[in-house]
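Residues 1 to 461 (my numbering) make up the sequence shown, in order. What follows is a single structure, written as structure tokens, with notes after it.
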Amino acid sequence: MTIELDYKNPKEDDDVSKKSLKRYTSMVLEESALTAVSHIVTTKNPYRKAFKIFVLIFCFTGFFYQCFTFLSHILKYPTIVDIRIENPPEIEMPALTFCDNNGISRKKFCTKYPDRCMEADSDLCFKHPLYCESNSTNMVPKPEYYSMINELTVEQIIEFGHSVDELLLNRDGLYPKLLEIEPEGPFIRAKHYSGVGRMGCYSLYSVIDSPLEAERQKISGLIEFPAVTLTFDVNEEEEFVPGRKTGMYLSVHSPYMGNNPTEKGIFMVPGKTYKIYVNTDREMLLPYPYETDCLNYTELWESRNRTGPRIQEMCHHKCLLESTAKHANCSFIFTLYPNDMEICDLESMTEDFIVDYNVCRVLCKDDCAKTKYNLNVQERFTRDFIWDAQPSENQTKLIKVEIIIEKAEVITFLHRPQYLDVEAFSYIGGFIGVWLGISLVEVADFADSMFRIIRYALKRK
């Protein structure tokens with residue numbers, strides 16, 4: 001009995017399998033709608049086939065490089081700026097901060113401390129006749145007490161300074177609601193960051209660290225009437241330091257920020273009328289992940305039960321206040337966030353304070369909605385507005401201010417995403433067309449071909 005064994009070499013089976021897979025792959029790719037691949041498969045000349053393969057690899061390289069570059073740019077979330085011009089019927093009423101340049105009332109000080117004052121001599125009366133009027137005291141502070149102006153506290157302003165009723169004689173306007181709002185203060189501002197030259201100040205229409213919304217004010221029509229008119233008396237005869245220029249500092253600013261009028265305001269002198277025309281510009285930013293990386297302080301304020309800062313600058317000042325309160329239980333003179341703490345010396349600026357402040361400050365991102373108030377100030381002698389009568393003595397001693405919300409276009413700088421999702425899809429589709437010359441139909445057909453080849457290879461195992 002003869003037994004025949006059918007023996008096959010495993011290596012031969014592998015070769016047959018590979019040849020079969022190669023033939024099947026070639027057949028599928030020849031049928032593919034992806035012409036670049038099908039042309040390569042059907043080309044018999046090895047040199048032409050090598051050239052076509054090189055071109056295909058080059059085009060794929062260019063496509064992937066440009067896609068990578070484009071996507072890297074998109075993932076930075078760039079923005080572009082659109083300019084929108086509007087004519088809104090109203091805007092947020094700006095806040096007003098005003099400071100008495102005199103600081104201390106001579107009469108109040110000398111009445112409280114007669115031993116620190118002296119009687120004005122003839123030379124002083126000649127140089128400064130207001131000191132020696134018959135209806136006022138001729139007592140003046142002794143020179144060694146002039147420096148008190150550099151160490152004023154809020155309590156001393158209340159005791160020796162001019163009250164808001166003494167400074168702000170009258171308010172007038174077309175809108176009763178604005179006239180019902182009482183000034184806030186007093187609080188201290190200084191002419192130098194070191195704290196010298198202190199003054200008592202007050203503010204109107206400010207809502208810093210307040211649960212209230214800012215007041216809205218209608219924009220003037222054809223005839224520009226003042227939203228509010230203020231009349232100040234700087235009490236020239238009350239000069240604490242002889243020769244000091246009497247006057248009033250005034251600043252017009254965002255209702256959400258504190259301000260030092262000596263830095264960002266105007267100096268007003270008696271006998272003049274100041275017409276201040278106000279218009280606004282706005283800027284709208286985008287939050288993270290966009291490059292502007294802003295913070296919506298209004299939403300944050302609402303979430304904190306309407307407490308805390310509503311703009312970046314006040315966030316910085318709140319950090320400043322919290323850091324000095326933590327390390328020295330006081331506040332720097334240049335801190336603009338509302339507080340009732342004692343004023344620090346600059347020596348309180350320790351290394352630990354700076355570290356804490358910087359940690360807090362970096363969390364204060366830019367505002368998502370910013371409003372800039374633009375001012376146009378016109379200054380004239382009050383007597384220029386009197387045509388048929390002789391100016392009274394009071395009109396040459398008082399300061400008049402008119403705040404006019406100017407009829408002007410509001411320019412909004414609106415940051416928006418540079419690329420929408422559909423635009424990114426279109427760009428990549430353009431890259432596919434330029435570099436590879438294929439459509440989505442061909443891509444789908446190529447994916448189907450790859451699926452068939454892989455399935456065939458798996459079945460043969």
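Glycine residues also receive a C-beta, built at the ideal position from the N, C-alpha and C atoms.
Nonlocal neighbours in the same chain, by C-beta distance under 8 Å from residue i, ignoring five residues either side
i           : result
residue 125 : 131, 132, 138
residue 431 : 63, 66, 67, 70
residue 135 : Any reading at residue 135 must be qualified, since the residue scores a pLDDT of 49, below 50, and its modelled position is unreliable; the value itself is stated next. There are no such residues.
residue 348 : 324, 327, 328, 330, 332
residue 88  : 219, 410
residue 382 : 271, 272, 273, 391, 395, 396, 398, 400
6 Å CB neighbourhood of residue i in its chain, flanking five on each side removed
i           : result
residue 214 : 92, 207, 255
residue 290 : 77, 79
residue 269 : 247
residue 301 : 308, 310
Buried versus exposed call for residue i [16 or more other C-beta atoms within 10 Å across all chains shown]
i           : result
residue 343 : buried
residue 73  : exposed
residue 193 : exposed
residue 211 : exposed
residue 257 : buried
residue 422 : exposed
residue 222 : exposed
residue 396 : exposed
residue 20  : exposed
residue 200 : buried
residue 235 : buried
residue 188 : buried
residue 1   : With a pLDDT of only 44 at residue 1, under the threshold of 50, the placement of this residue in the model should not be trusted; the figure read from the coordinates follows. With fewer than 16 other Cβ atoms within 10 Å, it is exposed.
residue 307 : exposed
Nearest residue (CA-CA) to residue i, options the options
i           : options       : result
residue 262 : 117, 185, 99  : 99
residue 183 : 376, 97, 433  : 97
residue 123 : 44, 419, 243  : 243
residue 144 : 129, 375, 117 : 117
residue 109 : 61, 156, 322  : 156
Under 8 Å between C-beta atoms of residue i and residue j
i           : j           : result
residue 280 : residue 410 : yes
residue 150 : residue 196 : yes
residue 233 : residue 179 : no
residue 309 : residue 79  : no
residue 399 : residue 227 : no
residue 292 : residue 162 : no
residue 275 : residue 101 : no
residue 253 : residue 175 : no
residue 282 : residue 365 : no
residue 120 : residue 204 : no
residue 288 : residue 265 : no
residue 402 : residue 229 : yes
residue 510 : residue 278 : The chain is shown only over 1 to 461; residue 510 falls outside these bounds and no answer can be derived.
residue 458 : residue 59  : no
First and last residue of the uninterrupted alpha helix (DSSP H) at residue i
i           : result
residue 357 : 351 to 361
residue 314 : 312 to 328
residue 293 : Residue 293 -> no alpha helix (DSSP H), and no H or E assigned at all.
residue 165 : 164 to 167
residue 179 : 176 to 180
residue 369 : Taken as a continuous stretch (DSSP letters only), residue 369 belongs to no alpha helix (DSSP H), being part of the beta strand (DSSP E) at 369 to 381.
residue 217 : Counting along the chain, residue 217 falls outside any alpha helix (DSSP H), though it belongs to the beta strand (DSSP E) covering 216 to 218.
residue 111 : 106 to 112
CB contact below 8 Å: residue i versus chain C
i           : result
residue 220 : The question asks about chain C, but that chain is absent: this structure has only one protein chain.
Residue span of the beta strand (DSSP E) that contains residue i, given as start and end
i           : result
residue 228 : 228 to 233
residue 90  : 90 to 92
residue 267 : 266 to 268
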